[in-house]
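See below for the structure under consideration.
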């Protein structure tokens, strides 16, 4: 659900700015297994990205959280919920593009064994996800899905009552979201990623050694555009149906909340804004961290 993804994303962002540099490296290293020459380059790229994000986009995110805190005190139309989703997509694309250069540089150094490790990691994660979301008892899976949505909604609104929980369960029984379709899309993106890594690597024997840095970066940017879009027109139509349903869900849930729950949601969002603001890096300090000169200030 779009609402629960938004809530999860905001919560993850709060955690990320406490331990973000380390967590990002740890996640990437679990997939790749960086060697002693690659590790410092990856850590430096992560540090630079977080410094940039604390310096420039952070103020924008704080403003978004504060705006959301105002809007959540009233009713929300489905179109309004979708507008928020599209705002987040725009920012996601900007954040990804910032990673194109370091990703191209590091990918050029990957060995065939490391690319195999990435593939095997994808396979393990997919198997775990399939076991949880597709295989096994359908009733148990449905109950677990409802609990996940309820838990995320309660991060925003506080405790939901029985009628609200029952309504969520009923809505989810009618949701067009399909776990198998979602997994199929993820596996298609993963195959695309593995092809990209093979093409970029100067060591994998697929022509990567003949690419210039600019050509590698262009390939990464093209890959970024592909993986955020559905892989076919059928998948695109399904994505649009699911998104419309999620926006309707967010608006309908909001209409069923009490004044106290809406006020709690506003306080939660303002708290997230304060958390983000506390990690904001002044432009001058960020520039020094990156070896940049700060612009002259006006008198």
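Residue numbers (my numbering): 1 to 299. Glycine included, every Cβ here is placed at the ideal spot set by N, Cα and C.
Judged by DSSP in its simplified three-state form, residue 278 adopts helix.
DSSP, reduced to helix, strand and coil, places residue 34 outside both helices and strands of the structure shown, so it counts as coil. When secondary structure is reduced to three states using DSSP, residue 134 falls in the coil class, being assigned neither helix nor strand.
In terms of Cα proximity to residue 79, the closest of 61, 246, 184 and 188 is 246.
Proximity of the segment 30 to 50 to the segment 224 to 243 falls short of the contact definition, fewer than three beta-carbon pairs being nearer than 8 Å. Counting C-beta atoms within 10 angstroms of its own C-beta, residue 136 has fewer than 16 neighbours from the protein chains shown and is therefore classed as exposed. Within the segment 138 to 175, the complete alpha helix (DSSP H) runs of at least 4 residues fall at 138 to 157 and 162 to 173.
Taking 8 Å as the cut-off, the beta carbon of residue 146 is found no closer than this to the beta carbon of residue 197. With fewer than 16 other Cβ atoms from the protein chains shown falling within 10 Å of its own Cβ, residue 139 counts as exposed. Within the segment 54 to 91, no beta strand (DSSP E) run of at least 3 residues lies entirely inside it. For secondary structure counted as the alpha helix (DSSP H) over 4 or more consecutive residues, the segment 185 to 236 holds these complete runs in sequence order: 213 to 227. Per DSSP, residue 108 lies in no alpha helix (DSSP H) segment and is marked neither H nor E. If you ignore the 5 residues before and after residue 108, its C-beta comes within less than 7 Å of the C-beta of 200, 201, 202, 208 and 216, all in its own chain and listed in chain order.
Nearest C-alpha to residue 240 among 86, 39 and 29: 86.
Taking 8 Å as the cut-off, the Cβ atoms of residue 186 and residue 105 do not count as close. Taking residue 75 as reference, the option from 174, 251, 32 and 261 with the minimal CA-CA separation is 251. The segment 256 to 274 makes contact with the segment 156 to 164, as at least three CB pairs between them are under 8 Å. In its chain, beyond the 5 residues on either side, 100, 103 and 104 have a beta carbon closer than 6 Å to the beta carbon of residue 220.
One thing to note: residue 183 has its Cβ within 8 Å of the Cβ of residue 130. The distance from the Cβ of residue 192 to that of residue 171 is about 33 Å, inconsistent with a contact at the 8 Å cut-off.
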